[in-house]
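Structure, as structure tokens:
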Amino acid sequence: MLAELVRGDSRIHRLDPRVKIVIVSLFSVLVAILNRFVVLTSALALGLFIVLLAGIPMRVLVRRLVPVNIFILVLWFFLPFSYEGEPLFSVGPLVGTHEGVLYAARISIKSNAIMVVLIALVASTSVFTLGHAMGALRVPAKLVYLLFFTLRYTHVIHREYLHLMNAMKVRGFRPGTNMHTYKTFAYLVGMLLVRSLNRAERLRNAMLCRGFTGNIQSLSTFSIKRADVVSLIVMLTLIAALGLLEWTRMV
Amino acid sequence: MDENGLIIRLQDISFAYSGGTEVFDKLCLSFHNGDRMGLIGPNGSGKTTLFHVIMGLLKPSAGRIEIFGKPVKGEKDFREVRQRIGLLFQDADDQLFSPTVLEDVAFGPLNLGKSQGEAKAIARKTLEALGFAGYEDRVTYKLSGGEKRLVSLATVLAMEPEVLLLDEPTTGLDEATGKRFVEILKGLGLSYILVSHNIDLLMETTNRIASLVNGRLSLDEESVPHTHIHTHKYGRSSHDHGRI
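Right, here's the structure in full:
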């Protein structure tokens, strides 16, 4: 799972997680509103450079980019034809427009640029550290707990799912395309929901018994080092440069 | 605590789950300092419910609860109770919710207002006392069942409770881990109420046994000598059963 991704000890791994979160957030927001191709490709190049710096194996990178790009591929089937503008090509009765193709290309570059920096972030920081860093950055405690509980209990709920699945299999259940299968799967999902709800209730009780009052308590302390300050300044400058490039049209 | 060392006193507690099934009918319980009380009862008789009532997780429909000599009613009263009485849940997965062992054990002390340094020190000390030194950075959901149970115990002990409520603590443990649990429990010198179906375990770890039947507690103090006749393979060799 996510927590197991964190291997290696690169420059990026050693950065203060708070610095990483700030940089990645700013970068993602900026890239999302960029329009010019020269700026977008620079942003993508910057993202790829960061991933390389984090020493993430190509195999891992590609595997994580595939799902996003499958989604983007779907967009390529629709956008060129549904966007009004100058005709560029035609497939049967459908006419692809110049603007539509540009739009799809922009989305592709944007998504990939944002995804690569996110991968660099998640792959170089344990998710638990990430949660604590979010807490330290004053992200609402509820969100941080949500992240923790999701991570902690995905495993438990998955195990419950496997138990139920096995219980079904040992009694000869074989999924098919029929009402019985749909009904059984509905029971399975329903049962998982009920069990999760009950578990949440027990969990809350366990937390209350240990004096929980709703405040996030953390054992992690972060300290800003020289390298963090330098990286933050360099990255903020680069992000600002991308912004300038977009809006002042210097190039 | 009053002069008799009375810790928990339940008077005429009635409780029913929404849905109508009545669990307690004017249940009474007195628990004193130094008591090591066993609790038996059929499935669904309300053993876990009793613990939850004592901890203020469930509200009885009638009756009076006094803990440490003071009547407890609202959430605020129970907050203090929860610092001094530790509940070990039946399912360790409910108890361990932090990513790492150290964080989970430190969770209670942090909530009690200890500083990070103090909480860490308490957590380390507790883990070490239970023979879990070196487990600090282990991921909780990857522990084995036995490890989870003992680490759960550590999370409760880290709050330095005076009384433990143990809900079937050895169920699902292998014999060696079960023995280890019992040894640890005996070594703590705390008062506790222990729920179990294993009469041998109760005889070994408690000084009185109450049974929960028909919504009330009854103390069965008198020892009744009896034997069980049973058959199985390898019966000719000397052996014993289920005692941990």
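Going down the list, the sequences are from chains A and B.
Using the working numbering, you'd call the opening residue of the first sequence number 542 and step up by one each time.
Using the working numbering, you'd call the opening residue of the second sequence number 1031 and step up by one each time.
Here a beta-carbon is modelled for each residue, glycine too, at the ideal position from N, C-alpha and C.
Interface criterion not met: the Cβ of Ala682 of chain A is under 7 Å from no Cβ in chain B.
Identification of residues in the region 659-679 of chain A having a C-beta nearer than 7 Å to some C-beta of chain B yields Phe669, given in sequence order. Chain A has a Cβ within less than 7 Å of the Cβ of Arg1112 of chain B. Of the other Cβ atoms in all chains shown, 16 or more fall within 10 Å of the Cβ of Arg1066 of chain B; this residue is therefore buried.
Separation of Ile698 of chain A and Leu733 of chain A (C-alpha to C-alpha, rounded to the nearest whole angstrom) is 7 Å.
Boundaries of the alpha helix (DSSP H) harbouring Lys1077 of chain B: Lys1077 to Ile1084, taken from the DSSP string. Assigned with DSSP and collapsed to three states, Thr1130 of chain B falls in strand. Against Leu1087 of chain B, the close residues of chain A are Asn746, Leu749 and Cys750, in the order they occur along the chain (beta-carbon pairs closer than 8 Å).
The CB of Asn1141 of chain B comes closer than 9 Å to the CB of Met748, Arg751, Gly752, Phe753, Thr754, Asn756 and Gln758 in chain A, given here in chain order. Under the 8 Å Cβ criterion, the region 1188-1207 of chain B counts as touching the region 1115-1126 of chain B, having at least three qualifying pairs. Using beta-carbon distances, Phe1127 of chain B counts as an interface residue toward chain A, with a partner under 7 Å. Under the DSSP assignment, Gly755 of chain A falls outside any alpha helix (DSSP H); it carries neither an H nor an E label. For the alpha helix (DSSP H) assignment, the uninterrupted runs of no fewer than 4 residues enclosed by the region 1091-1162 of chain B are, from N- to C-terminal side, 1105-1114, 1122-1125, 1131-1141 and 1146-1159.
Shown here, Gly626 of chain A sits in coil according to DSSP, grouped into three states, outside any helix or strand.
Only those residues of the region 1140-1165 of chain B whose C-beta falls short of 8 Å from the nearest C-beta of chain A are listed: Leu1140, Asn1141, Leu1142, Gln1146, Ala1149 and Lys1150.
Pairing Tyr1047 of chain B with Ala664 of chain A, the inter-Cα distance amounts to about 47 Å.
Annotated three-state conformation of Lys1056 of chain B is strand, per DSSP.
C-alpha of Thr695 of chain A to C-alpha of Asn739 of chain A: approximately 15 Å in a straight line. CA-to-CA, the gap between Lys1216 of chain B and Tyr1264 of chain B works out to about 32 Å. Beta-bridge analysis with DSSP links Thr691 of chain A to no other residue.
Counting only Cβ-Cβ distances below 9 Å, Val697 of chain A has contacts in chain B at Asp1123 and Tyr1171, in chain order.
In this structure, Gln1120 of chain B lies near Glu1198 of chain B, with their beta-carbon atoms less than 7 Å apart. Residue state for Tyr728 of chain A is assigned as helix, using DSSP reduced to three classes. For Arg552 of chain A, the enclosing alpha helix (DSSP H) covers residues Arg552 to Arg555.
Around the C-beta of Ile1259 of chain B, fewer than 16 other C-beta atoms lie within 10 Å, and the residue is accordingly described as exposed.
DSSP, read as helix, strand or coil, puts Tyr1165 of chain B in coil. The Cβ of Phe1211 of chain B sits no closer than 7 Å to any Cβ of chain A.
Any Cβ of chain B closer than 7 Å to the Cβ of Arg693 of chain A would place that residue at the interface, and such an atom is present. Within the region 762-777 of chain A, contact with chain B at the beta-carbon level (separation under 9 Å) is assigned to Thr762. At a cut-off of 7 Å, the C-beta of Arg647 of chain A has no neighbouring C-beta in chain B.
With contacts defined as CB atoms closer than 7 Å, Leu1040 of chain B and Ile1095 of chain B qualify as a contacting pair. Distance between Gly596 of chain A and Leu671 of chain A, taken at the CA atoms: about 19 Å.
With respect to Leu581 of chain A, Leu575 of chain A sits close: the two C-beta atoms are nearer than 7 Å. Partner residues in the beta bridge of Met1067 of chain B, as assigned by DSSP, are B:Ile1223 and B:Arg1238.
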